[in-house]
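Just so you know, we're using my numbering here: the sequence shown kicks off at 16 and counts up by one. C-beta atoms are modelled at their ideal positions from N, C-alpha and C, and glycine is treated no differently. Single-structure report; data block below.
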Amino acid sequence: MTQWVMSGKQLLLSIATSSAAEGGHHDSSINPYLLASVITNFIVFAVILVRVIRPSVGRALVARRTNMERAMIEAKSKQNEAEARLRELQYKLDHLEEEVQRIIRSYEAEAITDRDRLRQEADRAVERMAREADSTVEQELRKAEHRIQQAALEATMRLSESIIRARLTEADQRRLTDEYIKDLAMPASSTAP
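If you want it as structure tokens, here you go:
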């Protein structure tokens, strides 16, 4: 860049110098030496410019081309991915109704399975509750029978006792007392040595 500026300054300086050498008079004729020097300076400037700038411009152009090729490849890859995604979404959109129907059928099948499972669980719970109720009823019946038998036995005992007391005479009471005393005395004599 600085070489360009220097070459441009030289060109302007040479034109200004040649114009000043003429004394500021404009002559309509062109000085061939001046023209030749300007053309020579331009050619030298162009050659220097080409020799100095060409390699760096070439490298810059190659790097730019490489970057553009890489960017094009990346853009093409992204475009292919986007097109594939678009095809996938278009397929899903085209088959959306089928997918919805499939999901509905799946949920219906799941609901039927859940309903059947809940029915089975309810049936098992009802059976278990019926067995527990039967067992509880049986236990309560046994308890009631036992209480009834106990009450009947106690009533029978009281009734028997009252009948015996009503029919028991004084002679019977003496005889029973004597037998009872004999019974008490007998085990004592049988245990004695």
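Roughly how many angstroms lie between the CA atoms of residue i and residue j, to the nearest whole one?
i: His110; j: Arg117; result: 10 Å
i: Glu136; j: Ala124; result: 18 Å
i: Ala166; j: Leu156; result: 15 Å
i: Gln105; j: Ile119; result: 21 Å
i: Asp131; j: Asp138; result: 10 Å
i: Ile58; j: Pro70; result: 19 Å
i: Val77; j: Arg102; result: 37 Å
For the alpha helix (DSSP H) containing residue i, name the first residue and the last one.
i: Thr151; result: 111 to 182
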